[in-house]
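Comments concern the structure below.
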Amino acid sequence: EIRRNMMRMSLLVGLVALGRTRSQRVLPGVLQAFNEHGEDPQTLPYQLFVPATRQTEPAMRPRPLLVFLHGAGDGPFEVMNAQSLPGLLLRNASFAADFPFVALFPCSTCGTPGVRGWSEASFRRVDRLISLAMHAHSVDPARVLLTGQSMGGGGLWRYAAARPRLFAALVPVCSGGVLPA
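Read in order, the letters of the sequence shown correspond to residues -23 to -1, 1 to 158 in mature numbering (1 follows the signal peptide of the UniProt record, and there is no 0).
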């Protein structure tokens, strides 16, 4: 009995460490909001989209991962305008049904007092999210793509420069900020 309770406790601790509970199960084909809980007390809210598997493809076929860094005008889950990728995934069922990527939309520390934009602390949290996505959702490590809009485009350059082997492609959109030397 003690051993069984220890195993249950280990499983529970593992689920909490991943920032997921049974009520936060990932639903394929649905854009969902989560919070990443890392070693530090600050969490990083994010949205995740995992495509539904079509009947014609193998269930565990590795998929590309698209990471989107939002701009300064967007905070946690405010990137929902009609033209944004999260907005399209949320509102357009046929677009979402055909979208082939696992998509990760982390929210920066814009709301943290004294911190503006995409910081190295945010990037470390995004690293953990990418690692979780790669292991949990059959992501092809050779097809991790990074995009960012405005402030997120500026963050894209800093993030990719610090991790030159992580991303297969960079797509800055209206990049803002100072580029790294």
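Positions of the beta carbon are idealized from the N, C-alpha and C atoms, including for glycine.
What number of angstroms, rounded off, separates the C-alpha of R38 from the C-alpha of S115? Here residue 38 refers to the residue found at position 61 when the sequence shown is read from its first residue. Here residue 115 refers to the residue found at position 138 when the sequence shown is read from its first residue. Within the model, the alpha-carbon separation for R38 versus S115 is close to 7 Å.
How many angstroms separate the CA atom of P77 from the CA atom of L46? Along the sequence shown, one-based indexing puts residue 77 at 100. Along the sequence shown, one-based indexing puts residue 46 at 69. Roughly 19 Å separates the two Cα atoms.
Assuming F100 and L123 form a contact by the criterion Cβ under 8 Å, report the distance between their Cβ atoms to the nearest whole angstrom. As a working mapping, residue 100 is identified with position 123 in the sequence shown. As a working mapping, residue 123 is identified with position 146 in the sequence shown. Approximately 11 Å separates the beta-carbon atoms of F100 and L123; this is outside 8 Å, ruling out the contact.
Alpha carbon to alpha carbon, how far is L109 from G64? Position 132 of the sequence shown, counted from the start, is the residue given in the question as residue 109. Position 87 of the sequence shown, counted from the start, is the residue given in the question as residue 64. Roughly 23 Å between the two C-alpha positions.
Given a cut-off of 8 Å on the beta-carbon distance, is the pair V7 and V121 in contact? Start at 1 with the first residue of the sequence shown, and residue 7 comes out as number 30. Start at 1 with the first residue of the sequence shown, and residue 121 comes out as number 144. One thing to note: V7 has its Cβ no nearer than 8 Å to the Cβ of V121.
Looking at P149 and L133, is the spacing between their C-beta atoms short of 8 Å? Here residue 133 refers to the residue found at position 156 when the sequence shown is read from its first residue. Here residue 149 refers to the residue found at position 172 when the sequence shown is read from its first residue. In this structure, P149 lies closer than 8 Å to L133 by Cβ.
Taking only beta-carbon positions, decide if E97 is within less than 8 Å of chain D. Among the chains in the structure shown there is no chain D, since it carries only a single protein chain.
Simplified DSSP state of L143, which is helix, strand or coil: The residue you call residue 143 lines up with position 166 of the sequence shown. Looking at L143 - three-state DSSP - the assignment turns out to be coil, as it is neither helix nor strand.
Taking P83 as the reference, give the member of D75, R135, L147, R105 with the closest Cα. Within the sequence shown, the letter at position 106 stands for residue 83. Checked all of D75, R135, L147, R105; the closest Cα to P83 is R105.
I need the straight-line Cα distance from T30 to Q9, nearest angstrom please. What you label residue 30 is simply residue 53 of the sequence shown in a count that begins at 1. What you label residue 9 is simply residue 32 of the sequence shown in a count that begins at 1. Straight across, the Cα-Cα distance linking T30 with Q9 is about 17 Å.
Pull up the distance between the alpha-carbon of G50 and that of Q126, whole angstroms please. For the purposes of this step, residue 50 is taken as the residue at position 73 of the sequence shown. For the purposes of this step, residue 126 is taken as the residue at position 149 of the sequence shown. Those two C-alpha atoms are separated by around 10 Å.
By alpha-carbon positions, which one of G130, Y136, R142 ends up nearest to G48? Numbered from 1 along the sequence shown, position 71 holds the residue referred to as residue 48. With distances taken between Cα atoms, G48 lies closest to G130.
In terms of alpha-carbon separation, which member of I107, A138, S152, R135 lies closest to P41? Here the question's residue 41 lines up with position 64 in the sequence shown. Closest by alpha carbon: I107.
R102 vs L21 beta-carbon contact at 8 Å: Position 125 of the sequence shown, counting from 1, holds the residue named residue 102. Position 44 of the sequence shown, counting from 1, holds the residue named residue 21. Yes.
Nearest-angstrom Cα separation, counted from Y136 out to A80: Here residue 80 is taken as the residue at index 103 of the sequence shown, counted from 1. Here residue 136 is taken as the residue at index 159 of the sequence shown, counted from 1. Approximately 17 Å between the Cα atoms of the pair.
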